[in-house]
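Reading through the structure tokens given below for one structure.
Number of protein chains: 2
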Amino acid sequence: MSKPSYREAILDAGLRVMFRTGYEGATVRDICAAAGAPFGSFTNHFGTKEAFVKEVLDRYFANLQKTVRAALEDKAISPRQRLKRYLENITEVLAKDQWSRGCLIGDLSIEATGESEFLRQRLIAIFKEWLDPFAECIAEAQLAGEVDAGFDPMDLAEFLLSSWEGAILRMKVERGPAALERFQRIVFQTIFKEKK
Amino acid sequence: MSKPSYREAILDAGLRVMFRTGYEGATVRDICAAAGAPFGSFTNHFGTKEAFVKEVLDRYFANLQKTVRAALEDKAISPRQRLKRYLENITEVLAKDQWSRGCLIGDLSIEATGESEFLRQRLIAIFKEWLDPFAECIAEAQLAGEVDAGFDPMDLAEFLLSSWEGAILRMKVERGPAALERFQRIVFQTIFKEKK
Numbered sequence: 001m002s003k004p005s006y007r008e009a010i011l012d013a014g015l016r017v018m019f020r021t022g023y024e025g026a027t028v029r030d031i032c033a034a035a036g037a038p039f040g041s042f043t044n045h046f047g048t049k050e051a052f053v054k055e056v057l058d059r060y061f062a063n064l065q066k067t068v069r070a071a072l073e074d075k076a077i078s079p080r081q082r083l084k085r086y087l088e089n090i091t092e093v094l095a096k097d098q099w100s101r102g103c104l105i106g107d108l109s110i111e112a113t114g115e116s117e118f119l120r121q122r123l124i125a126i127f128k129e130w131l132d133p134f135a136e137c138i139a140e141a142q143l144a145g146e147v148d149a150g151f152d153p154m155d156l157a158e159f160l161l162s163s164w165e166g167a168i169l170r171m172k173v174e175r176g177p178a179a180l181e182r183f184q185r186i187v188f189q190t191i192f193k194e195k196k
Numbered sequence: 197m198s199k200p201s202y203r204e205a206i207l208d209a210g211l212r213v214m215f216r217t218g219y220e221g222a223t224v225r226d227i228c229a230a231a232g233a234p235f236g237s238f239t240n241h242f243g244t245k246e247a248f249v250k251e252v253l254d255r256y257f258a259n260l261q262k263t264v265r266a267a268l269e270d271k272a273i274s275p276r277q278r279l280k281r282y283l284e285n286i287t288e289v290l291a292k293d294q295w296s297r298g299c300l301i302g303d304l305s306i307e308a309t310g311e312s313e314f315l316r317q318r319l320i321a322i323f324k325e326w327l328d329p330f331a332e333c334i335a336e337a338q339l340a341g342e343v344d345a346g347f348d349p350m351d352l353a354e355f356l357l358s359s360w361e362g363a364i365l366r367m368k369v370e371r372g373p374a375a376l377e378r379f380q381r382i383v384f385q386t387i388f389k390e391k392k
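Chains A and B, in that order, give the protein sequences. Count the first sequence with the working numbering and you get residues 1 to 196, in order. Count the second sequence with the working numbering and you get residues 197 to 392, in order.
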């Protein structure tokens, strides 16, 4: 019988521990303890902490992209409604942890970009991939005359996702949904206002 | 001759080291080394790391409030222009570090709120104090008919400062001013559009 692989358990634990203690605070020792894995298996599977965090981030982002697609590819609703749906779905996810954990992409943007050029480059690539379907959806809403076409769709996508990260940051301080709800209310009555 | 106090040097070093390595990454040992101070003087002056970080944060915020007042109390320009001035002034400050360091309030909102209830409570109080003069300035702009009065001034102040933190987060990934400039351009043509 072959030895069990701790790879998945360590990756899962890595996300949980990083959400609690941050990138710098999450030690390999803590992550292995949370995974119930021997210390040595971390090095065997991942080598460095940086390479490990990149893998946790990639898994997180692959999962987030499912939420993006579920909202933005639902042609049963209008493009503007799809943007709303995405923010509503993320709000539901954040509610599950009582507003105590944020977004790993936002967390690492703040915490890891000064320390790791490797992770900063990965985040640049992730933001690009994350933004593209939003820019597309916004362009579609503009073309349909649903929202104002005065701005470049990619600029609006950047504005939407960056500002949303700011709302999540504020949510973490308050441990409540007020900032998320306020953001959605204001943004969909102004920048993404429905054109009559 | 009395021994020199390392208090100020340690506080200055604390801010520099935290900007580089984050809240969790900034060890007392590193901070003392950066300050050229003996390890023991940290404990003598501050007791715990949490108490020390609160003091660094309070000094940072007191300094930020000078920037707030310089912009928002300048009655020579209109209230809407004062809001613009604030974001322009912060942009200049962030340029000095080549867009590599963010805002300590935003950083600690992401990094410290899960770990320290003490710092989370301090951040709640700081946000309130930070927001009040913005809400006042926005109310003044609405009363003067300079910007739309459809939203509560405090909601708009919350939206402005949270979303601005999101733009700073994005700036940290890109190491460039694009997100800050985009934010200002969009927000002052939409939510804070000048009423004709």
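C-beta: ideal position from N, C-alpha, C; glycine also. Source: prediction; values computed, not measured.
DSSP places isoleucine 90(A) inside the alpha helix (DSSP H), whose first and last residues are 79–96. Leaving aside the five residues that flank alanine 37(A) on each side, the residues in its chain whose CB is nearer than 7 angstroms to its CB run, in chain order, Tyr6, Ala9, Ile10. Taking the CA atoms as reference points, alanine 34(A) sits about 29 angstroms from phenylalanine 215(B).
Cβ contact annotation for aspartate 30(A) (same chain, cutoff 8 angstroms, sequence separation greater than five): Val17, Thr21, in chain order.
Leucine 64(A) has its alpha-carbon roughly 16 angstroms from the corresponding atom of alanine 95(A). Boundaries of the alpha helix (DSSP H) around serine 109(A): 104–111. Sixteen is the threshold: since fewer than 16 other Cβ atoms of the shown chains lie within 10 Å of the Cβ of aspartate 293(B), the residue is exposed. Judged by pairs of C-beta atoms under 8 angstroms, the segment 123–135 of chain A does not touch the segment 307–327 of chain B, as fewer than three such pairs exist.
Look at arginine 101(A) here: in three-state DSSP terms it is coil, with no helix or strand label.
Taking 7 angstroms as the CB threshold, glycine 145(A) stays off the interface with chain B.
Within chain B, the C-beta atoms nearer than 9 angstroms to that of tryptophan 164(A) come from Ser359, Gly362, in chain order.
Contact between the segment 273–288 of chain B and the segment 330–341 of chain B is present: three or more C-beta pairs spanning the two stretches fall below 8 angstroms.
When CB distances to chain B are screened at a threshold of 7 angstroms, the residues of the segment 111–139 of chain A falling below it are Glu111, Thr113, Gly114, Glu115, Arg120, Leu123, Ile124, Phe127, in chain order. In the structure shown, the three-state DSSP call for glutamine 189(A) is coil. Rounded to the nearest whole angstrom, the CA to CA distance from aspartate 351(B) to cysteine 32(A) is 43 angstroms.
Here proline 373(B) carries a coil assignment [DSSP, helix/strand/coil]. Leaving aside the five residues that flank valine 56(A) on each side, the residues in its chain whose CB is nearer than 8 angstroms to its CB run, in chain order, Leu11, Gly14, Leu15, Met18, Leu104. In its chain, beyond the 5 residues on either side, Tyr219, Leu315 have a beta carbon closer than 6 angstroms to the beta carbon of alanine 308(B).
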